[in-house]
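Down below is the structure, laid out as structure tokens.
Residue numbers (UniProt numbering): 1 to 418.
Below, the structure is given as structure tokens:
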């Protein structure tokens with residue numbers, strides 16, 4: 001019930017320009033005693049556009065190999081109904097009042113046992129299991145030593161019943177990684193806790209500098225005027241991303257900026273998030289008030305532009321990028337837009353607060369009204385927008401690029417193996 005993912009190679013030396021020579025030297029020094037270490041990352045999807053975890057692993061694994069580790073990426077392949085349960089787990093861990101039924105819990109446990117059984121012949125020195133989908137594997141396969149859990153989601157206010165159900169499955173783990181302190185539940189032993197944030201890869205095509213003329217051409221090809229004010233939210237159609245709140249903010253801002261346009265871009269590619277279609281239908285009802293200026297881009301069959309180019313174009317070509325999440329483990333799309341020198345308006349939630357320093361390199365908001373006001377402020381004040389954008393890029397360079405994440409993992413492996 002698993003599948004190995006094969007990746008192209010990449011070199012840590014290629015990141016020297018982005019992070020500096022000293023950073024590269026430090027990483028190589030940390031990695032030297034770890035050469036040959038067998039590391040396996042396990043998650044639930046590898047699809048392009050399938051979420052931030054897959055994107056991070058696609059960049060991180062080749063770099064682990066380049067510095068001498070024997071790193072492998074495996075995805076679990078359970079029945080479709082399992083993902084319905086893990087979506088409920090995801091929602092309830094982020095605060096949804098509807099928890100798990102007895103049948104849900106039974107399916108999660110039985111599937112976890114079957115997946116664990118399929119891992120019996122696999123060997124590694126360190127295992128990293130990402131998020132709730134593969135969480136139970138070490139519990140049912142006790143020979144998997146030196147296991148690490150990496151929880152990417154916002155755990156600031158979890159549903160207590162769901163959390164108590166999952167808590168025993170954390171027991172076999174040597175370390176549990178969270179993105180920020182406020183996600184750490186007091187029932188997790190503090191000596192097991194590690195805090196470090198995700199990161200983006202500045203060298204993939206989505207994050208490379210894109211000429212403004214190319215961005216405008218891509219935007220125009222989707223029947224959007226490239227020279228009128230444009231705001232965009234780029235994320236999957238998920239209620240925690242609050243796309244309806246973004247549309248409400250757009251209507252507020254449009255009162256002062258009549259030719260304002262909005263793009264909600266979220267290609268529906270991730271097989272382990274079955275609720276996106278439901279959220280999309282709700283969003284479509286809110287679009288009816290201004291269908292000429294609100295653009296939903298979600299169907300990969302209708303969109304001919306390659307996904308990374310599409311995302312890059314709308315992040316680089318928009319006047320303001322929004323990520324109005326009400327729950328957010330981190331928010332890679334925030335980091336991506338900041339890296340492109342864009343001012344980002346983010347929800348005052350979770351990991352977005354790690355990235356945006358309110359009023360300095362972006363704005364944090366708590367309501368559609370506040371978001372609408374900030375949209376107007378940034379579009380009417382280009383100097384402020386440029387200043388925030390410069391600060392945003394610099395903060396990403398210092399804190400949120402993939403070599404830093406590699407370094408954090410290498411240090412953690414050394415700690416786990418001591």
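Glycine included, C-beta positions come from ideal geometry on N, C-alpha and C.
To the nearest whole angstrom, what separates the beta carbons of residue i and residue j, a pair I think is in contact under 8 angstroms?
i           : j           : result
residue 261 : residue 300 : About 22 angstroms separates the two Cβ atoms, so there is no contact after all.
residue 284 : residue 296 : 7 angstroms
residue 276 : residue 212 : Actually they do not touch by this definition, with Cβ atoms about 31 angstroms apart.
residue 155 : residue 73  : With 8 angstroms as the limit, residue 155 and residue 73 do not qualify as a contact, their Cβ atoms being about 24 angstroms apart.
residue 131 : residue 43  : 7 angstroms
residue 412 : residue 175 : 6 angstroms
residue 124 : residue 38  : 4 angstroms
residue 353 : residue 246 : The Cβ separation is near 18 angstroms, so there is no contact.
residue 57  : residue 41  : 5 angstroms
residue 30  : residue 78  : So it is not a contact: roughly 35 angstroms between Cβ atoms.
residue 307 : residue 338 : Not quite, the Cβ-Cβ distance comes to about 20 angstroms (not below 8 angstroms), so this is no contact.
If you draw a straight line from the C-alpha of residue i to the C-alpha of residue j, how long is it?
i           : j           : result
residue 89  : residue 99  : 7 angstroms
residue 136 : residue 150 : 13 angstroms
residue 80  : residue 104 : 13 angstroms
residue 91  : residue 336 : 25 angstroms
residue 391 : residue 345 : 14 angstroms
residue 265 : residue 407 : 32 angstroms
residue 200 : residue 224 : 28 angstroms
residue 342 : residue 222 : 21 angstroms
residue 113 : residue 120 : 11 angstroms
residue 183 : residue 162 : 15 angstroms
residue 18  : residue 288 : 43 angstroms
residue 177 : residue 384 : 36 angstroms
residue 52  : residue 389 : 23 angstroms
residue 27  : residue 410 : 8 angstroms
residue 254 : residue 366 : 19 angstroms
residue 5   : residue 47  : 10 angstroms
residue 424 : residue 292 : For the chain, the structure presents residues 1 to 418; residue 424 sits outside this window and is missing.
residue 126 : residue 311 : 34 angstroms
residue 139 : residue 109 : 10 angstroms
residue 196 : residue 400 : 10 angstroms
residue 281 : residue 82  : 23 angstroms
Would you kindly check if the distance between the Cβ of residue j and the Cβ of residue i is under 8 angstroms?
i           : j           : result
residue 294 : residue 250 : yes
residue 313 : residue 218 : yes
residue 364 : residue 198 : no
residue 279 : residue 226 : no
residue 147 : residue 173 : yes
residue 2   : residue 75  : yes
residue 67  : residue 153 : no
residue 252 : residue 377 : no
residue 133 : residue 240 : no
residue 375 : residue 320 : yes
residue 15  : residue 203 : yes
residue 96  : residue 159 : yes
residue 61  : residue 71  : yes
Looking only at C-alpha atoms, which of the options sits nearest to residue i?
i           : options            : result
residue 118 : 23, 107, 144       : 144
residue 248 : 207, 348, 290, 399 : 290
residue 349 : 371, 372, 328      : 328
residue 206 : 128, 65, 95, 59    : 59
residue 415 : 21, 194, 65, 114   : 194
residue 215 : 282, 129, 318      : 318
residue 106 : 56, 77, 126, 166   : 166
residue 326 : 24, 298, 351       : 351
residue 257 : 157, 231, 160      : 231
residue 355 : 129, 180, 85, 372  : 180
residue 84  : 70, 71, 101        : 101
residue 386 : 404, 359, 65, 418  : 359
residue 192 : 171, 25, 371       : 171
residue 305 : 111, 357, 220, 86  : 220
residue 393 : 111, 122, 209      : 209
Less than 8 angstroms between CB atoms is the rule here; does residue i satisfy it with respect to chain C?
i           : result
residue 324 : Reference to chain C is not applicable here, since this structure consists of a single protein chain.
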